[in-house]
Structures are given as C-alpha cells and as structure tokens.
C-alpha cells in the first residue's frame, strides 16, 4: 500500500532525479529569523486570509480598497478588517487610509523572504 507521504517522496525523487532528501539552501536559521518566518506562516495559515491575500496580489502593484473585498469573496466587512489587520501586522500587506476606506497593497519583499526560505536545493 502506498501512502500519501510515499507518493509525494516518489514524485519529488522523480523530479529531482535522485532518492536523496532535499535540503534548504539557506541552512539553519537563528531564533530571530525563525520567529519572523513563523509569523509570516502563521498569518498565511488561515484560508480566509489566503483568499484575501491572493485577491490583493492579483491586482499587481495596484492597491485594493477594503470595500472591493467583501462582495467578491462573500465575507463581511468586519471579517475583512480583522483578517487584513493580521496580514498587515505580519508585514505581508501595507495599509493606506483613503477617506473612509482602507486600501491594501502587497509587500514584495515579504514574499521574496518566504521564497528564499523555502528554496529547496
């Protein structure tokens, strides 16, 4: 019987051409870096936050008004505000107040940091 883990490992070995384990290219991380990366992953661990983040990221460099997030995602404005605050506090988004509405933009350096951390050699 093949388990999901076995199938995943087999697929990874087939893509890399070997049966060896993969390693993170950056090596061990110190406590400060581990806490920073963990806070990013914690913010990304909620499905609603992921949906909001992907909606904002899909706009590219343009900021997105909080008022434009409720209807397409089917969530209430207080829920949007709660989750967007978590993403801003983690450093994944920036928030700019324009009149009565908040506008959000992606922080590219935060995603570069996650990409670098997950770079598997």
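Numbering (full-length UniProt numbering), first residue to last: 1 to 121. Just so you know, even glycine gets a beta-carbon here, dropped at the ideal spot from N, CA and C.
A Cβ-Cβ distance of about 14 Å is found for the pair residue 44 and residue 55, leaving them out of contact under the 8 Å criterion. Annotation: the continuous beta strand (DSSP E) that includes residue 93 extends over 93–98. Taking all protein chains shown into account, residue 32 has fewer than 16 neighbouring C-beta atoms within 10 Å of its C-beta and is therefore exposed. Across the structure, residue 71 and residue 98 are spaced so that their CA atoms are roughly 20 Å apart. A Cβ-Cβ separation of about 5 Å places residue 49 in contact with residue 83 under the 8 Å criterion. Going by beta carbons, residue 63 and residue 105 fall inside the 8 Å limit.
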